[in-house]
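Notes follow the structure.
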Amino acid sequence: MKATLLVLALSLLAGTFAEQKMTRPADDVLGYVRAAFGDFARSADSLNEAVRHPGDGRAMERALLQCRLRYKRIEFFLEYFFRSAALIYNQPAKYEVEEPFMEYEAPRGLQLIEDMLYARQEDSTKGMLIEQSRAVAESARDLGSLLYGFHLEDAPLMESLRLELIRVMTLGITGYDAPLSKSGVEESEAAMEAIDRCLQPYLAHGGEADSIRFYLDQSLRMLRASPGFDGFDRLAFLVRGALPLQRHLGEWIDQNGLFCQTVPTLDYRSADLFSPGAIDLRALPGGADVHALPGNGRVALAERGRELFSDPSLSSDGSRSCATCHRPGTYFTDGRVVSPAMPGFPPLRRNTPTLLYAAYQYSQFWDGRARSLEDQVADVLTNRAEMGIDTSRKDVRKAAAALAAYVRTLTPFNSRFDRYMTGDRRALTPDDVRGFNLFMGKARCATCHFAPLFNGLRPPLYDVTEYEVLGTPATADLLHPVADTDKGRYGVYPIPFYRGAFKTPTVRNTAVTAPYMHNGSLPDISTLVAFYNRGGGKGIGLAAAGQTLSGDTLHLSAKEVRQLTAFLNALTDRSL
């Protein structure tokens with residue numbers, strides 16, 4: 003009898019060991035996700051209950067925060083494997099337009115709930131609040147069905163974690179998802195805890211695995227020790243935690259044969275997000291065609307473009323060249339409110355933007371009417387008011403291709419900020435550092451001007467160029483504002499959400515490329531910062547319908563304005 007029991011016990015023990023041996027790390031992660039789905043569903047139910055039976059506003063805010071924190075623990079998974087499901091919960095609180103099909107995505111989910119909740123307009127929003135919270139709760143209860151028959155593979159999981167880390171660095175800590183509650187640091191902590199939890203089953207001891215653990219712990223310590231959203235040291239978090247983690251994680255993924263790439267805009271060969279080339283120009287419009295040329299051919303084409311750039315024979319009367327309005331000596335701008343046109347035409351309608359980093363966009367011109375740099379150059383060459391050459395000239399497209407190839411080389415990435423991010427810790431002053439933290443936090447600049455390009459190319463996929471309605475005035479007089487009448491992208495696609503919308507340009511070299519905005523109405527940085535500090539058009543009394551910029555004041559002090567300006571100066575490239 004004892005022998006029989008012993009045999010049975012050994013058999014059960016062996017079975018247990020066999021089961022443990024057969025369990026894949028990915029299955030362990032899938033178990034975590036399944037449990038986290040349940041946690042999120044319960045928090046969504048609690049939010050719904052708080053909205054339906056509000057005791058006070060704070061109770062709803064706490065319920066929303068808990069729901070958002072639970073969402074952040076599954077964000078990496080939903081955003082990568084079930085993108086459409088993620089949109090139900092975490093879509094921006096504004097209409098999203100899918101081009102070129104012009105399909106609208108109405109605001110919904112947790113960001114919209116936050117927007118309504120903090121607006122404190124209970125009577126007008128209560129019905130919609132209840133509707134949105136119920137929709138989130140009901141959908142969350144069904145999340146588990148997504149996992150039916152789902153098989154998680156190691157390599158795609160690693161890419162999802164890579165992207166989540168970029169999401170934390172560029173959106174999470176900036177408060178992009180929760181600008182009113184300012185819970186971005188807490189939410190980033192939850193997202194980093196999810197990354198930590200999912201990597202643990204994979205990490206052995208030694209080498210890159212130990213480095214990953216160290217920088218994960220370092221990142222989490224800084225997030226947990228944060229004095230609050232406005233006071234969080236984002237630069238320290240990046241350079242001492244998240245960016246080294248990104249580098250070591252990339253090395254570990256390569257060493258273990260877990261490489262996977264579904265996002266063409268990211269060059270995983272770059273050390274980290276702030277390395278030059280981290281965003282792959284080959285994935286942006288026209289880039290693939292240029293890079294398909296042999297190396298020498300690519301260089302020769304760009305060199306030909308550089309020569310043509312200052313060639314007045316490209317204009318109909320030989321009076322002007324590209325460099326007339328985009329002067330290399332003034333950072334490829336001309337310093338005017340608007341540029342003069344060809345003889346016989348009124349001045350051009352909009353301000354001449356810098357060409358530096360122009361290649362890092364999915365559309366060109368302020369209203370985004372040109373899809374590629376090639377199209378943009380061809381438009382300028384043949385526009386009667388700008389260059390005016392005959393559209394039948396056979397060399398137009400060849401010239402456009404060469405000039406576009408040259409513009410793609412205008413990406414120096416050698417500002418003091420860039421030098422700091424690549425290791426020169428003496429490149430920034432204390433005011434520069436504080437200015438960066440304001441830019442990425444309290445001042446909300448980075449919720450439209452996304453790192454590392456600081457333009458409207460939205461992370462972590464960098465597959466969309468954003469357009470914003472700012473309520474820009476027609477003049478610099480913010481005390482007696484006059485509304486600008488330019489309809490912006492509405493002239494390209496006449497839909498209400500694009501009325502007064504303009505492409506978000508880079509703020510790299512902003513300090514040396516005044517005046518600002520599409521109409522050149524703001525003459526200097528102090529006026530520019532004052533406009534944003536007051537809440538854009540709404541904040542200065544303009545009835546900017548559909549304004550996507552928050553109309554709330556930023557409450558930046560004079561000292562903070564000076565520090566923010568210092569950081570903008572640190573984005574000036576050293577040489578061109």
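Residue numbers (the working numbering): 3 to 578. Even for Gly, the Cβ is constructed at its ideal location relative to N, Cα and C.
Annotation for residue 471: the continuous beta strand (DSSP E) segment containing it runs 469 to 471. With a cut-off of 8 Å on Cβ pairs, the region 433 to 441 is not in contact with the region 257 to 264, counting fewer than three such pairs. For residue 504, the enclosing beta strand (DSSP E) covers residues 503 to 505.
Between the region 247 to 256 and the region 362 to 381, the count of Cβ pairs shorter than 8 Å is below three; the stretches do not touch. Distance from the Cα of residue 53 is smallest, within the candidate group 134, 149, 480, 410, for 134. Excluding five sequence positions before and after residue 139, the CB atoms of its chain that fall closer than 6 Å to its own CB belong to 46, 47, 50, given in chain order. Around the C-beta of residue 150, fewer than 16 other C-beta atoms lie within 10 Å, and the residue is accordingly described as exposed. Between the C-alpha atoms of residue 428 and residue 418 there is a straight-line separation of about 9 Å. Runs of the alpha helix (DSSP H) lying entirely within the region 426 to 464, each at least 4 residues long, are 432 to 442 in chain order. Unbroken beta strand (DSSP E) stretches of 3 residues or longer found wholly inside the region 300 to 367: none.
A straight line joining the alpha-carbon of residue 318 with that of residue 432 spans about 51 Å.
A direct Cα-Cα distance of roughly 27 Å separates residue 114 from residue 475. For residue 238, the enclosing alpha helix (DSSP H) covers residues 236 to 239. If you draw a straight line from the Cα of residue 345 to the Cα of residue 269, it comes to about 46 Å. In terms of CA proximity to residue 444, 559 leads the group 373, 461, 559, 492. The Cβ-Cβ distance between residue 373 and residue 365 falls below 8 Å. Rounded to the nearest angstrom, the gap between the Cα atoms of residue 26 and residue 462 is 28 Å. With 16 or more neighbouring CB atoms inside 10 Å of its own CB, residue 35 falls in the buried class.
In the three-state DSSP reduction, residue 133 falls in the helix class (H, G or I).
The continuous alpha helix (DSSP H) containing residue 186 extends over residues 186 to 201. Using a 10 angstroms sphere on the CB of residue 506, the tally of other CB atoms reaches 16 or more, which defines it as buried. The DSSP-derived three-state label of residue 485 is strand. Selection 276, 525, 89, 412 evaluated against residue 142 yields 89 as nearest (Cα-Cα). In the three-state DSSP reduction, residue 155 falls in the coil class, being neither helix nor strand.
Secondary structure at residue 387: coil, using DSSP grouped into helix, strand and coil. Residue 166 and residue 78 have their C-alpha atoms roughly 5 Å apart. The C-beta distance from residue 203 to residue 31 rounds to 7 Å, short enough to meet the 8 Å contact threshold. C-alpha of residue 485 to C-alpha of residue 322: approximately 33 Å in a straight line. The C-beta distance from residue 292 to residue 407 rounds to 5 Å, short enough to fall under 8 Å. In this structure, the beta-carbon distance from residue 120 to residue 91 does not fall below 8 Å. In its chain, beyond the 5 residues on either side, 74, 75, 77, 78, 166, 169, 170, 174 have a beta carbon closer than 8 Å to the beta carbon of residue 193.
In this structure, the CA atom of residue 219 is about 28 Å from the CA atom of residue 279. Under the DSSP definition of a beta bridge, residue 417 partners with 575. Between residue 561 and residue 82, the alpha-carbon positions lie close to 41 Å from each other. Of the residues 39, 405, 457, the one whose Cα lies closest to the Cα of residue 148 is 39. Contiguous alpha helix (DSSP H) elements confined to the region 249 to 302 occur at 289 to 293, taking only those with 4 or more residues.
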